[in-house]
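Enquirer:
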Amino acid sequence: MPEAHPLTITPPSFADRGELAAFQASALRRLIARTWQRIPFYRRMWREAGVDPDSIKGIADLARLPVVRKQDLENDLRAHPPFGSFQGDFPSVRLQASSGSTGKPKPVLHTRTDWENIATLWARRLAAQGVGPTDRVQVAFAFALFIPSFTSAEGAMKLGALVIPTSSGAITPSARQLELARDWGTTVVGTTGGYALHLASVAREQGLDPKRDFNIRAMYHTGEPLVEETRRRIEEAWGCKSYNNYGSVETGAPAWECARQNGLHINEDAYLFEVVDPDTLAPVPDGEEGALVITSLFKEAAPVIRYMIGDIAAIWSEPCGCGCGFRRLSPIRGRIDDMLKIQGAPVYPTAIEATLRQFQQLGPEFRIVVERDNGVDRLEIRAECGHGHGVPDAELADQVKRAIKERVGCTASVALHPFGSLTLPEEVAKRTKNRYVLDLRPKG
Ligand SMILES: [Zn+2]
């Protein structure tokens, strides 16, 4: 059995970066040794790249290993069905999968130790976000193939909190979620940012004040980039703190916000994060944005080793006021896969979302529709008015249009819809992640 990599709920403190690097180097050597022995996918890749695994001694050697892209994992899945050769032959007890936004779900196996470690890292996140034994944590993420519903619930239980696993709105409709939150005194909610805003709308429709009629003091989010303006809307609506967490099924639970809400601490005792130029793969200095490349040091089954996850962000090395010595990740600008090219110019949906959230008159729902008309890309924003904000007016639509032009740099037509008319509530409730973009252009 490979040696377990001990992870603790309280982040370990290292005397200096040198001591941390030595700790990471020994974890990396263990990871490389067991992976070389037991995971054909990496063995093949490293052989092809002419890498001798024994020559990887420390962090400085990491860049000699090839970068793994999503496409490499997808090809491996096709060549070695049903789970691919990247999982290895570890005694796995659990399969979770990506939600398959770009195709079929990607299965990721976990050993008992892997599961325990990810739960511990969730406990670390939630502890930093103020969760403790007196909390009642309502987990409104889908309990299915989506991993953070389960692992965040396990993490909350490790802290002695009472977990209320309501799952997403498809299992427990929004009105019932709110009723249970009131009846059972929920203090913390785990949900996507979009669903947090939707729940506030539903509460107001029922004549409730989300701030006054509930006892919710914090929400934690993951699974999609949390736009700063969306966070502010959530905090205003619920009168609570809203915390961002970064991770995915392939990586587990790598980064979290502390109470300062200023960047996400990377669990540097469990992961190596690099930022590179997405085209040349050259390293990008701390503070500058680039493509994230992630290595999970503890993971036995299906570890990621120099995995380019497709997210754009920077690493901040300045110390954080909270005292945690781990460097921070900037908020994610976007996922490369989600970037739209409109008339050749890159547009991140998160930038459009951020602009719309500045308008208090607008509700949580919107759509970004891209069409091609006579060879010209056309961008249309459909947004709905907020509850109690009356009917759409042309002046507001014009203001939104100008704000999009100013902030995102592209021209869009803006259509405003009455509250509740853009999407059926059931549809919103069923989403694991938000689907804001409708790209109707011919493919290829
Ligand atoms: Zn901090």
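Be aware that the sequence shown starts at 23, since it is given in the working numbering, and climbs by one per residue.
Note that CB positions come from ideal geometry on N, CA and C, so glycine has one too.
Bear in mind that the values here come from a model prediction, so they are computed numbers and not experimental data.
On a CA-only basis, which of G312, I327, I316, T317 is nearest P335? Give me that one, please.
Expert: As a position in the sequence shown, residue 335 is number 313, starting the count at 1. As written in the sequence, residue 335 is Ala, which differs from the Pro given in the question. Cα-wise, what sits closest to A335 is G312.
Enquirer: Would you mind stating whether I374 and I390 have Cβ atoms separated by less than 8 Å?
Expert: Reading the sequence shown from its first residue, position 352 is the one you call residue 374. Reading the sequence shown from its first residue, position 368 is the one you call residue 390. In this structure, I390 lies closer than 8 Å to I374 by Cβ.
Enquirer: May I ask whether a heavy atom of ligand 1 can be found less than 7 Å away from the beta carbon of R282?
Expert: Taking the sequence shown and counting its residues from 1, one reaches residue 282 at position 260. R282 Cβ: within cutoff of ligand 1.
Enquirer: Rounded to whole angstroms, what is the Cα-Cα separation between D470 and F320?
Expert: No information on residue 470 is available, as it lies outside the stretch 23 to 466 that the chain covers here.
Enquirer: Let me confirm a value: Q199 is counted as buried when at least 16 other C-beta atoms fall within 10 Å, else exposed. Which label applies?
Expert: Residue 199 sits at position 177 when you count from the first residue of the sequence shown. So Q199 counts as buried.
Enquirer: Are Q160 and T188 touching if we call contact CB-CB under 8 Å?
Expert: Residue mapping note: residue 160 aligns to position 138 of the sequence shown, counting from 1. Residue mapping note: residue 188 aligns to position 166 of the sequence shown, counting from 1. Cβ distance < 8 Å, so Q160 and T188 count as in contact.
Enquirer: Can you tell me whether V413 is buried or exposed, with buried defined as 16 or more other CB within 10 angstroms of its CB?
Expert: As a working mapping, residue 413 is identified with position 391 in the sequence shown. Result: exposed.
Enquirer: Within 10 angstroms of its Cβ, does V398 collect 16 or more other Cβ (buried), or is it exposed?
Expert: Counted from its first residue, the sequence shown places residue 398 at position 376. So V398 counts as exposed.
Enquirer: Shortest alpha-carbon distance to V210 belongs to which of L230, G229, V185?
Expert: Looking up residue 210 in the sequence shown gives position 188. Residue V185 is the option with its Cα nearest to V210.
Enquirer: Which residue from E138, C432, R400, P103 puts its Cα closest to that of S114?
Expert: As a working note, residue 114 is residue 92 in the sequence shown. The option with the nearest alpha carbon to S114 is E138.
Enquirer: Can you tell me which residues form a DSSP beta bridge with Q160?
Expert: Your numbering for residue 160 matches position 138 in the sequence shown. Answer is I186, V211, bridged to Q160.
Enquirer: Figure out for me which residue from H409, D415, D38, V392 has the closest Cα to the Cα of R226.
Expert: One-based indexing of the sequence shown puts residue 226 at position 204. It is H409.
Enquirer: Could you check if C346 belongs to the surroundings of ligand 1, using beta carbon to heavy atom distance under 7 Å?
Expert: Walking along the sequence shown from the start, residue 346 turns up at place 324. Yes, ligand 1 has a heavy atom inside 7 Å of this Cβ.
Enquirer: Around the C-beta of E70, are 16 or more other C-beta atoms found within 10 angstroms, so that it is buried, or is it exposed?
Expert: The residue labelled residue 70 in the question sits at position 48 within the sequence shown. By the 10 Å Cβ count, E70 comes out exposed.
Enquirer: Would you kindly report the start and end of the unbroken alpha helix (DSSP H) that includes F295?
Expert: Taking the sequence shown and counting its residues from 1, one reaches residue 295 at position 273. It is not in any alpha helix (DSSP H) - F295 instead sits in the beta strand (DSSP E) that spans 293-298.
Enquirer: If you run the structure through DSSP and keep just helix, strand and coil, what is M241?
Expert: Within the sequence shown, the letter at position 219 stands for residue 241. Strand, per DSSP.
Enquirer: Could you check if E406 is buried or exposed, using at least 16 other CB atoms within 10 Å of its CB as the buried criterion?
Expert: On the sequence shown, residue 406 is found 384 positions in, with the first residue counted as 1. E406 is buried by the Cβ-count criterion.
Enquirer: Tell me the DSSP bridge mates of T133?
Expert: Counted from its first residue, the sequence shown places residue 133 at position 111. Its beta-bridge partners are S114.
Enquirer: So what's E272 in DSSP terms, helix, strand or just coil?
Expert: Within the sequence shown, the letter at position 250 stands for residue 272. DSSP places E272 in coil when its eight states are reduced to three.
Enquirer: Using DSSP with H/G/I as helix, E/B as strand and the rest coil, what is L84?
Expert: The residue given as residue 84 occupies position 62 in the sequence shown. L84 falls in the helix class under three-state DSSP.
Enquirer: Taking K405 as part of the alpha helix (DSSP H), name the residues at either end of that continuous run.
Expert: In the sequence shown, residue 405 corresponds to position 383, counting from 1. Sequence inspection shows Ala at residue 405; the Lys mentioned does not correspond to that position. Careful: A405 lies outside any alpha helix (DSSP H), inside the beta strand (DSSP E) at 398-407.
Enquirer: When the Cα of Y64 is compared with those of K233, Q109, T252, T32, which residue comes out closest?
Expert: In the sequence shown, residue 64 corresponds to position 42, counting from 1. Closest by alpha carbon: Q109.
Enquirer: Check this for me: beta carbons of S174 and A164, under 8 Å apart or not?
Expert: Numbered from 1 along the sequence shown, position 152 holds the residue referred to as residue 174. Numbered from 1 along the sequence shown, position 142 holds the residue referred to as residue 164. Cβ atoms of S174 and A164: not closer than 8 Å.
Enquirer: Kindly identify the DSSP beta-bridge partner or partners of A141.
Expert: By one-based count along the sequence shown, residue 141 stands at place 119. In the DSSP output, where bridge partners are listed per residue, A141 has none listed.
Enquirer: Under the three-state reduction of DSSP, which class applies to H411: helix, strand or coil?
Expert: Working through the sequence shown from its first residue, we reach residue 411 at position 389. Here H411 sits in coil by DSSP.
Enquirer: Shortest alpha-carbon distance to S352 belongs to which of R429, D38, C342?
Expert: Residue numbering aside, residue 352 sits at position 330 when the sequence shown is read from its first letter. Checking every option, the nearest Cα to that of S352 belongs to C342.
Enquirer: Terminal residues of the continuous alpha helix (DSSP H) containing A71?
Expert: Counting from one through the sequence shown, the residue named residue 71 turns up at place 49. No alpha helix (DSSP H) holds A71; DSSP gives it neither H nor E.
Enquirer: Counting C-beta neighbours from all protein chains within 10 Å, is the total for K263 16 or more, i.e. buried, or is it exposed?
Expert: Against the sequence shown, residue 263 aligns to sequence position 241. K263 comes out buried.
Enquirer: Following a CB-centred definition, is H102 positioned closer than 7 Å to any heavy atom of ligand 1?
Expert: Residue 102 sits at position 80 when you count from the first residue of the sequence shown. No, ligand 1 has no heavy atom inside 7 Å of this Cβ.
Enquirer: So the candidates are Q228, L219, H287; which of them puts its Cα closest to the Cα of P33?
Expert: Locating residue 33 in the sequence shown gives position 11, counting from the first residue. That would be H287, whose Cα lies nearest to the Cα of P33.
Enquirer: Are the Cβ atoms of A416 and K423 separated by less than 8 Å?
Expert: Residue mapping note: residue 416 aligns to position 394 of the sequence shown, counting from 1. Residue mapping note: residue 423 aligns to position 401 of the sequence shown, counting from 1. No, Cβ-Cβ distance for A416 and K423 is not below 8 Å.
Enquirer: Would you please state the rounded distance, in angstroms, between the beta carbons of R328 and P88? I believe it to be under 8 Å.
Expert: In the sequence shown, the residue the question calls residue 328 occupies position 306. In the sequence shown, the residue the question calls residue 88 occupies position 66. Rounded, the Cβ-Cβ distance is 7 Å, consistent with contact.
Enquirer: Tell me whether C344 is buried or exposed, calling it buried when 16 or more other Cβ atoms sit within 10 Å of its Cβ.
Expert: Here residue 344 refers to the residue found at position 322 when the sequence shown is read from its first residue. So C344 counts as exposed.
Enquirer: Taking 7 Å as the cut-off, does the CB of C262 come closer than this to any heavy atom belonging to ligand 1?
Expert: By one-based count along the sequence shown, residue 262 stands at place 240. Not under cutoff, so the answer is no.
Enquirer: Quick one: Cα of V224 to Cα of Q283, how far?
Expert: Position 202 of the sequence shown, counted from the start, is the residue given in the question as residue 224. Position 261 of the sequence shown, counted from the start, is the residue given in the question as residue 283. Distance between the alpha carbons of V224 and Q283: 27 Å.
Enquirer: Identify the residues that DSSP records as bridge partners of T317: which are they?
Expert: Looking up residue 317 in the sequence shown gives position 295. DSSP, once it has assigned bridges, lists L294 as partnering T317.
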